[in-house]
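Engineer:
Residue numbers (the UniProt record's numbering): 1 to 211.
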């Protein structure tokens with residue numbers, strides 16, 4: 001009987017000594033895997049977050065570019081044309097008109113955020129036609145000036161729809177042009193320099209409105 005009890009006690013002692021070691025061994029083998037996951041997952045999440053942010057910025061920039069009406073480009077294309085006619089320079093006016101024509105033709109209203117899309121499209125079509133006429137008539141300055149009158153009205157209407165793009169402009173008026181009916185034009189300066197009468201009556205007119 002003593003021998004049996006002794007065997008049982010020795011067995012229990014051996015079991016209690018070896019079992020914890022197995023648990024420690026198991027923890028040691030699994031702990032490195034847990035730590036690796038903790039180190040890599042935040043890095044992957046951070047990279048993904050950065051990529052999403054960059055794509056969002058790119059999409060935002062593209063939206064801004066598509067929605068902005070290039071009114072400054074149109075006005076800066078119109079002004080050299082108007083100024084050429086104040087100098088009685090039909091050839092220079094023709095070249096400036098061709099540049100403006102190119103600017104107007106590139107504008108796609110379907111990609112622009114404006115309140116009255118159909119109205120803006122009609123204005124652009126009229127302005128494009130007037131710029132084309134001026135460009136094609138380098139030998140007929142009077143014909144150029146007739147179309148400048150219509151073109152100036154188009155630019156005024158366009159500004160009414162989309163603004164000046166931050167440019168300070170003046171709407172000037174000459175009461176003598178067009179058989180006394182008068183004519184307006186857009187100027188970048190307050191000084192009156194008449195594109196309809198040129199050197200004949202260069203300072204004829206007045207500021208009608210500040211835009």
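Here a beta-carbon is modelled for each residue, glycine too, at the ideal position from N, C-alpha and C.
Note that this is a predicted model, so its numbers are computed, not measured.
(1) For residue 162 versus residue 69, is the C-beta distance shorter than 8 Å?
(2) Use the C-beta contact count for residue 146: other C-beta atoms within 10 angstroms, 16 or more gives buried, fewer gives exposed.
(3) Buried or exposed, going by whether 16 or more other CB atoms sit within 10 Å of the CB of residue 152?
(4) Which class does residue 101 belong to by DSSP, given the choice of helix, strand or coil?
(5) Whole-angstrom Cβ separation of residue 155 and residue 127, contact assumed at under 8 Å?
(6) Tell me whether the beta-carbon of residue 175 lies closer than 8 Å to the beta-carbon of residue 85.
(7) Ordered along the chain, which non-local residues of its own chain (more than five positions away) have a Cβ less than 7 Å from that of residue 77?
(8) Let me know if residue 117 comes out buried or exposed under the rule of 16 or more other beta-carbons within 10 Å of its beta-carbon.
(9) On the three-state DSSP scale, how would you describe residue 87?
(10) Hey, residue 144 and residue 159: beta-carbon distance below 8 Å or not?
(11) Give me the DSSP bridge partner(s) of residue 209.
(12) Please name the residue or residues paired with residue 187 in a DSSP beta bridge.
(13) Please report how far the alpha carbon of residue 83 lies from the alpha carbon of residue 136, in whole angstroms.
(14) Compute the Euclidean distance between the alpha carbons of residue 206 and residue 139, then round it to the nearest angstrom.
(15) Measure how close the beta-carbons of residue 72 and residue 167 come, nearest whole angstrom, since I'm counting them as under 8 Å.
(16) Exposed or buried, which one is residue 189 when buried takes at least 16 other CB atoms within 10 Å?
(17) Assuming the contact rule is C-beta atoms closer than 8 Å, residue 172 and residue 141 should be a hit. Round their C-beta distance to whole Å, please.
(18) Apart from the five residues just before and just after residue 199, which ones in its own chain have a Cβ nearer than 6 Å to its Cβ?
Structural biologist: Well, looking at it:
(1) Here the question's residue 162 lines up with position 162 in the chain shown. Here the question's residue 69 lines up with position 69 in the chain shown. Against a cut-off of 8 Å, the Cβ pair of residue 69 and residue 162 comes out as a contact.
(2) Against the chain shown, residue 146 aligns to sequence position 146. Buried, because 16 or more other Cβ atoms sit within 10 Å of the Cβ of residue 146.
(3) Mapped onto the chain shown, residue 152 falls at position 152. Label assigned to residue 152: buried.
(4) What you label residue 101 is simply residue 101 of the chain shown in a count that begins at 1. Residue state, collapsed to three classes: helix.
(5) Along the chain shown, one-based indexing puts residue 155 at 155. Along the chain shown, one-based indexing puts residue 127 at 127. About 7 Å separates the two Cβ atoms, so the contact holds.
(6) Stepping through the chain shown from its first residue, residue 175 is reached at position 175. Stepping through the chain shown from its first residue, residue 85 is reached at position 85. Against a cut-off of 8 Å, the Cβ pair of residue 85 and residue 175 comes out as no contact.
(7) Your numbering for residue 77 matches position 77 in the chain shown. Cβ neighbours of residue 77 beyond the five flanking positions: 99, 100, 103.
(8) Your numbering for residue 117 matches position 117 in the chain shown. Its Cβ having fewer than 16 others within 10 Å, residue 117 is exposed.
(9) To locate residue 87, count along the chain shown from 1; it is residue 87. Residue 87 falls in the coil class under three-state DSSP.
(10) For the purposes of this step, residue 144 is taken as residue 144 along the chain shown, with counting starting at 1. For the purposes of this step, residue 159 is taken as residue 159 along the chain shown, with counting starting at 1. No, they are not a contact pair.
(11) Within the chain shown, the letter at position 209 stands for residue 209. In DSSP, residue 209 forms a bridge with 171.
(12) Stepping through the chain shown from its first residue, residue 187 is reached at position 187. Beta-bridge pairing links residue 187 to 170.
(13) Mapped onto the chain shown, residue 83 falls at position 83. Mapped onto the chain shown, residue 136 falls at position 136. If you take the alpha carbons of residue 83 and residue 136, they lie about 18 Å apart.
(14) For the purposes of this step, residue 206 is taken as the residue at position 206 of the chain shown. For the purposes of this step, residue 139 is taken as the residue at position 139 of the chain shown. Using only the alpha carbons, I get a separation of about 29 Å.
(15) Counting from one through the chain shown, the residue named residue 72 turns up at place 72. Counting from one through the chain shown, the residue named residue 167 turns up at place 167. Sure, about 6 Å apart at Cβ, within 8 Å.
(16) If you number the chain shown from 1, residue 189 lands on position 189. When all chains shown are included, residue 189 counts as exposed.
(17) Taking the first residue of the chain shown as 1, we reach residue 172 at position 172. Taking the first residue of the chain shown as 1, we reach residue 141 at position 141. With 8 Å as the limit, residue 172 and residue 141 do not qualify as a contact, their Cβ atoms being about 19 Å apart.
(18) Reading the chain shown from its first residue, position 199 is the one you call residue 199. Answer for residue 199: 88, listed in chain order.
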